[in-house]
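See below for the structure under consideration.
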Amino acid sequence: MSNRELVVLGTGSQVPSRERNHNGYLLRWDGEGLLFDPGEGTQRQMTFAGVSVSAVTRLCLTHFHGDHCLGVPGIVQRMSLDGVERVWAHYPASGAEYFGRLRRASVFHATTEVAERPVRGDGVVATGAFGELRARRLDHPVETFGYQLVEPDGVRMVPHLLARHGVHGSDVGRLRARGSLDVGGRTVSLSQVSVGRRGQRCAFVMDTRLCDAAFALAEDADLLVIESTFASGEADLARRYGHLTARQAGRVAAESRVRTLVLTHFSQRYSDPKGFHDEAAEVFGGEIVVARDVSRVPVPRRARPE
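According to numbering that gives the first Met the number 0, the sequence shown is numbered sequentially starting from 0.
Quick look at the structure:
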């Protein structure tokens, strides 16, 4: 059974509070663990959340403001301590100097291979069994990239169609692999016993003003994790510092046909998260999750084909 969920490790922005740690989000996607923007204290938050550092296969940094990267030293050092062989690291290429400082911030016995893959522009930054990991440049005072995980489209076998064409047992797997199969002297094609299955998508849109890239990253996402630093009353402040309001995050979700919207990266000035939900709900009618530290959000089940 696939294991796809978001483990929220921290939801605070620049200044952590009693209730909110700095950023940190682990996307568990089958055999992959993508750790986005580990801020200060992420290693300890993982302990509280019950997830191991060894579950992380990729580090994905959107930019190099401290609340999005100061947890890197602890994570990388713990990986060596726990015997992790390799982790892929994606980050804005313009911040390579900062990443170098973070991964070597103190003396330790480094055994984990940190395979750096700096992001230099829009496009695919990694491929694998999970599909494609894509990046797009956002609009923030420092170079910032958002990420989009895109699973390739596939097919779903239809039991009554398989039975109708006499395909049973191990022949089902062979038909899926080959595309066609001889059954009792007849050729049965995959298209005769299956329907299309849309690949799932997850998007991470952190510090940014409203921009085309935010909408492109969120397009048709089953799960969108997006910053909503300010309430709408602080829209001018949000624009000045390169952030979104909760209502703007809701607009991105609505116009991009998102299924589940996860709001996060809250300013320390707000103690009651309900207002973020209500503002986003003014423009977005889908599921809204106001992220809480050390919580889990399942990736929605696949939508049935129409």
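Idealized CB from N, CA, C, for every residue including glycine.
In or out: residue 341 buried (at least 16 other Cβ within 10 Å) or exposed? Because residue 341 is not part of the residues shown, which for the chain are 0 to 305, the question remains open.
Can you check whether the CB of residue 253 is closer than 8 Å to the CB of residue 283? For the purposes of this step, residue 283 is identified with residue 284 of the sequence shown, where counting begins at 1. For the purposes of this step, residue 253 is identified with residue 254 of the sequence shown, where counting begins at 1. Contact: yes.
How far does the alpha helix (DSSP H) with residue 172 in it reach, from first residue to last? In the sequence shown, residue 172 corresponds to position 173, counting from 1. In the DSSP assignment, residue 172 falls within the alpha helix (DSSP H) that extends over 169-177.
Terminal residues of the continuous beta strand (DSSP E) containing residue 42? Counting from one through the sequence shown, the residue named residue 42 turns up at place 43. Run containing residue 42: none in the beta strand (DSSP E); it sits in the alpha helix (DSSP H), 41-48.
Just how far apart, CA to CA, sit residue 276 and residue 96? Walking along the sequence shown from the start, residue 276 turns up at place 277. Walking along the sequence shown from the start, residue 96 turns up at place 97. Taking the straight line from one Cα to the other gives about 38 Å.
Classify residue 76: buried if its beta carbon has 16 or more other beta carbons within 10 angstroms, exposed otherwise. Stepping through the sequence shown from its first residue, residue 76 is reached at position 77. Flag for residue 76 reads buried.
Touch check for the region 286-294 and the region 9-25: three-plus C-beta pairs under 8 Å? As far as the Cβ criterion goes, the region 286-294 touches the region 9-25, which means the pair count is three or higher.
Have a look at the DSSP bridge pairing and note the partners of residue 202. Within the sequence shown, residue 202 is the residue found at index 203, counting from 1. DSSP, once it has assigned bridges, lists 147, 223 as partnering residue 202.
Only counting the same chain, and skipping five residues up and downstream in sequence, which positions put a Cβ closer than 8 Å to that of residue 182? Numbered from 1 along the sequence shown, position 183 holds the residue referred to as residue 182. The residues are 164, 165, 166, 170.
Are residue 52 and residue 101 touching if we call contact CB-CB under 8 Å? The residue you call residue 52 lines up with position 53 of the sequence shown. The residue you call residue 101 lines up with position 102 of the sequence shown. Note that the C-beta distance between residue 52 and residue 101 is not below 8 Å.
Helix, strand or coil: which one does DSSP assign to residue 213? For the purposes of this step, residue 213 is taken as the residue at position 214 of the sequence shown. In the three-state reduction of the DSSP assignment, residue 213 falls in the helix class.
Give the C-beta separation of residue 258 and residue 286 to the nearest angstrom, bearing in mind that I take them to be a contact with Cβ-Cβ under 8 Å. Residue 258 sits at position 259 when you count from the first residue of the sequence shown. Residue 286 sits at position 287 when you count from the first residue of the sequence shown. Between residue 258 and residue 286, the beta carbon gap of about 7 Å places them in contact (Cβ cut-off 8 Å).
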